[in-house]
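For the protein sequence lines, the chains are A and B, in the order given.
Quick note: to get the numbering used here, add 5 to the position in the first sequence (first position is 1).
Quick note: to get the numbering used here, add 751 to the position in the second sequence (first position is 1).
Glycine included, C-beta positions come from ideal geometry on N, C-alpha and C.
In this text, all values refer to a predicted model and were calculated from it rather than measured experimentally.
Only one structure is covered here, and it is reproduced in the block below.
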Amino acid sequence: MLGGLGALGLAGCGGAVHARRDRAGARWVWRPAGAPRGTVLLVHGLGTRPAIWDLPGCGGLGPVLARAGFLVIAPDLSGRPDPGGWRAAIEAICAGLERPPLGVGLDLGGTALFGARASFAGRVGVGAPLASGGFSAAMRGVLTAPGAPTWRDLGRRTVGGRSVVRLVLTDGLPARIHRPLVRQALAPMPLTLRRAWYGPGAASPVPSLLSGGSGWALPAPGAGWGPTLVVAAPGDGLAPPWQCDPRAFGHRWPGLTLRAPSRVNGDEREFNHLDLVVHPDARRRVWPSIVGWLEERTLEARRASPGAGG
Amino acid sequence: MYPVGVREAGSIEARTADGWTLALRHYPARAGAPRRRHPVILCHGIMSNTYTWDLDDRSSFAVWLQRRGFEVYALDLRGGGASEKPGLFGEKAWTWSVDDYIRYDVPAAIAAVSARHGGRPVHWVGHSMGGIVMYGWLPLGEQGRVRSLTAVGSPAVVPHHMPWLEASGALLPLGEWLLSKVPTGALGPLSAPWADQPAVAPLHILWNLDNLPRGAARKLAAHGTADLPIAVLRQFFDSLVAGRLVSRDGARDYTGAMRAIEVPTLFVAGSLDHLGTPASMMGAFRMIRSPVKRMVVIGRANGAAADYGHLDLTIGESAAVDVFPVIHDWLVARD
């Protein structure tokens, strides 16, 4: 499935550079050394920026994917205050590509990917909620805070005496990662965007965004979603599996693969939300499964249309 | 080797329609506590017994409720704990299924307890399969005999998130052979010394080890493991594949019938429970018709001391603070 972790630069921070990163307007782009095997759209999540995919001094999933041969595009959607804006930006990028890209989205970035009407060769939702945070007091605290705070601003809000940020994002990041994360990867969270997530849950005891009428415009499961990888960690305080798995809402979803990083599945730790994309353990346990899944989709696409390039 | 202390509870018996004798450990309401109207039946899960509810002085939901004025009865399903087991030469054999729990054990336990309390309906609190059997029984009728249902880590349907679980179904024939030689009740004490080893991934399906009092995992493995016929195990494995629990003869769809449940129901899910996952509990929550229903997820994000796994919902380090009051308050409100 994988060409070896070393070849992907997964061995640790500051591995060998086989990819180049540049900025194209509000986008970050990582280019592979040779001809790309496909394009991956990386969509950050609520209150984060594209830097989440490539933290200074630590790297991230962006360069890893480029080292695996993908052209990687990560738009900055942090200024967009509603799901429609996120969706439109994603669709605009897809419209400019020759072939349907692969999509990888973190939390609301994943939800927006699922709602986008553009074609995708496959989509990955990493802690991407299909439901409101209805059953979580910590998430209620996050989603109903006034104004447009950053995650850092919400650090003083507590549930059970603990910071909601620690509860729903991460409580085990090494300082060398935590510091650049706070300095470069956080963005304000508009209330309108948070309400578009939490709002449907306030009106229903079962807070599904799949039931229609939500701003995320999620299509009926199975109708055009295509192959999908859902990465949802039971230890994720922001978007645990019950919020990310359409089967929890009674929907059948052909083509769905669920990967749940957890000790029960042989991992060494439970992963909180951002741990899935920035924790050192994610390099060994989470990223390879995402890269491998994307590689398989690329091979499938090649088999379906031989001779197609990136 | 793994002391559990002396249990001061008495015991009553219930006779099932198919001739089995069940034991219910009785914890009478403590004098001085506010008197509650309806008795409570606690029902354990698969391959378990009443130690789920009363492991020791520190972890005992039965005693905790008793001290708060409830008449509490902890049920041992057939073949488990103090209930009747098949003998070497008798007519009874290790061949029963979940259907027998639902059709015979549940109504027998309710009838026996209710009869001691003026025919009043009972509160049923089930852990894991102990809630599932009530999901199965309520649609059969006589819902008026149950005042309320509390389902603690009781999944209604898949989904689960462990790819190895279904794959392990291939080992069922081996399990069948093994269970024909060694009863599961004996496997518990044998495996007790390794029950709290974090390196054994499948063990995390049982509990969040970080959330158990020291020694609790070994103690529960040693005392709280009951003998189990392979038919019960096979029925649950089949439900993983089919996405619904059906009777052994295929005639009854227990999961589909849940829509008929009208009893007030509380769903208690552990945020880190890999068996009664919040997702599967939410499936149950969605499915039942009850106008009065509530679901809570016990985890750090809701102010609990820890993220709760399957068995720590009853024996967790802080269950008396994080879980028991939630169930108690529900019972008092429904009483």
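Item: Among residues of its own chain, excluding the 5 on either side of B:TRP845, which ones have a beta-carbon nearer than 6 Å to its beta-carbon?; Value: PRO837 and PRO980
Item: What do you get for A:GLY65, buried or exposed, if any count of 16 or more other CB atoms within 10 angstroms of its CB means buried?; Value: buried
Item: Answer yes or no: do B:TRP771 and B:TYR855 have a C-beta to C-beta separation smaller than 9 Å?; Value: yes
Item: Kindly say whether B:MET752, judged by its beta-carbon, lies nearer than 9 Å to any beta-carbon of chain A.; Value: no
Item: Mapping DSSP to helix, strand and coil, what is B:GLY877?; Value: strand
Item: Measure the alpha-carbon distance for A:PRO68 versus A:ALA79 and round it to whole angstroms.; Value: 11 Å
Item: Under a three-way DSSP split, which group does B:LYS970 fall into?; Value: helix
Item: Within 10 angstroms of the Cβ of A:GLN248, are there 16 or more other Cβ atoms? Answer buried if so, exposed if not.; Value: buried
Item: At which residues does the beta strand (DSSP E) containing B:MET1032 begin and terminate?; Value: Run containing B:MET1032: none in the beta strand (DSSP E); it sits in the alpha helix (DSSP H), 1029-1038.
Item: Using a cut-off of 9 Å between C-beta atoms, extract the partners of B:MET913 located in chain A.; Value: ALA265, SER267, VAL269 and ASN270
Item: Tell me the start and end of each unbroken beta strand (DSSP E) in the stretch 215-294 of chain A that is at least 3 residues and wholly inside, in chain order.; Value: 233-236 and 261-264
Item: Only counting the same chain, and skipping five residues up and downstream in sequence, which positions put a Cβ closer than 8 Å to that of B:GLU764?; Value: THR772, LEU773, ALA774, LEU775 and ALA863
Item: Output yes or no for whether 9 Å exceeds the beta carbon distance between B:LEU816 and B:LEU1082.; Value: yes
Item: Determine, using beta-carbon pairs with one atom in the stretch 1041-1053 of chain B and one in the stretch 1017-1026 of chain B, whether at least three such pairs fall under 8 Å.; Value: yes
Item: Using a C-beta to C-beta distance shorter than 8 Å, which residues of chain B count as neighbours of A:LEU172?; Value: ARG1051 and ALA1052
Item: How far does the beta strand (DSSP E) with A:PHE75 in it extend, from its first residue to its last?; Value: 75-80
Item: Determine the direct distance from the alpha carbon of A:LEU196 to that of A:THR149, and round the result to whole angstroms.; Value: 8 Å
Item: So, are the CB atoms of B:ALA738 and B:ASP1080 less than 9 Å apart?; Value: Summary: the structure shown does not reach residue 738 of chain B, with chain B confined to residues 752 through 1086, and so no result is reported for it.
Item: For B:LEU900 and B:ARG1045, I'd like the C-alpha separation in whole angstroms.; Value: 11 Å
Item: Give me, in chain order, the residues of the same chain whose beta-carbon lies closer than 6 Å to that of B:PRO906; leave out the 5 immediate sequence neighbours on both sides.; Value: GLY1027 and SER1031
Item: Does DSSP classify B:ILE792 as helix, strand or coil?; Value: strand
Item: Quick one: does A:GLU305 have its CB under 9 Å from some CB of chain B?; Value: no
Item: Mark A:ALA190 as exposed unless 16 or more other C-beta atoms lie within 10 angstroms of its C-beta, in which case mark it buried.; Value: buried
Item: Pop quiz: B:VAL908 and B:GLY994 are said to be a contact at Cβ under 8 Å. What is the actual Cβ separation, rounded to whole angstroms?; Value: 6 Å
Item: Can you pull the chain B residues whose beta carbon is under 8 Å from the beta carbon of A:ARG167, in chain order?; Value: ARG1051
Item: Which residues in the same chain as B:LEU828 place their Cβ atom closer than 6 Å to its Cβ, once the five residues preceding and following it in sequence are excluded?; Value: TYR852 and ASP856
Item: Within 10 angstroms of the Cβ of B:MET880, are there 16 or more other Cβ atoms? Answer buried if so, exposed if not.; Value: buried
Item: Consult DSSP for B:ARG754 and reduce its assignment to one of helix, strand or coil.; Value: Here residue 754 of chain B turns out to be Pro, not Arg, going by the sequence shown. Coil at B:PRO754, not helix or strand.
Item: With A:GLY120 and A:PRO154 assumed to form a contact (beta carbons below 8 Å), what rounded beta-carbon distance in angstroms separates them?; Value: Actually they do not touch by this definition, with Cβ atoms about 25 Å apart.
Item: Can you tell which of B:VAL1077, B:SER1069 and B:GLU822 has its C-alpha closest to the C-alpha of B:SER810?; Value: B:SER1069
Item: Could you tell me whether the Cβ of A:ASP112 comes closer than 9 Å to any Cβ of chain B?; Value: no
Item: Kindly say whether A:GLY160, judged by its beta-carbon, lies nearer than 9 Å to any beta-carbon of chain B.; Value: no
Item: Go ahead and pull the three-state DSSP assignment for A:ARG122.; Value: coil
Item: Start and end of the beta strand (DSSP E) containing B:ARG985?; Value: Note, B:ARG985: premise wrong, no beta strand (DSSP E); alpha helix (DSSP H) at 981-993.
Item: Between which two residues does the alpha helix (DSSP H) holding B:LEU938 run?; Value: 935-942
Item: Across the stretch 876-895 of chain B and the stretch 228-238 of chain A, are there enough close Cβ pairs to call them in contact, namely three or more that are closer than 8 Å?; Value: no
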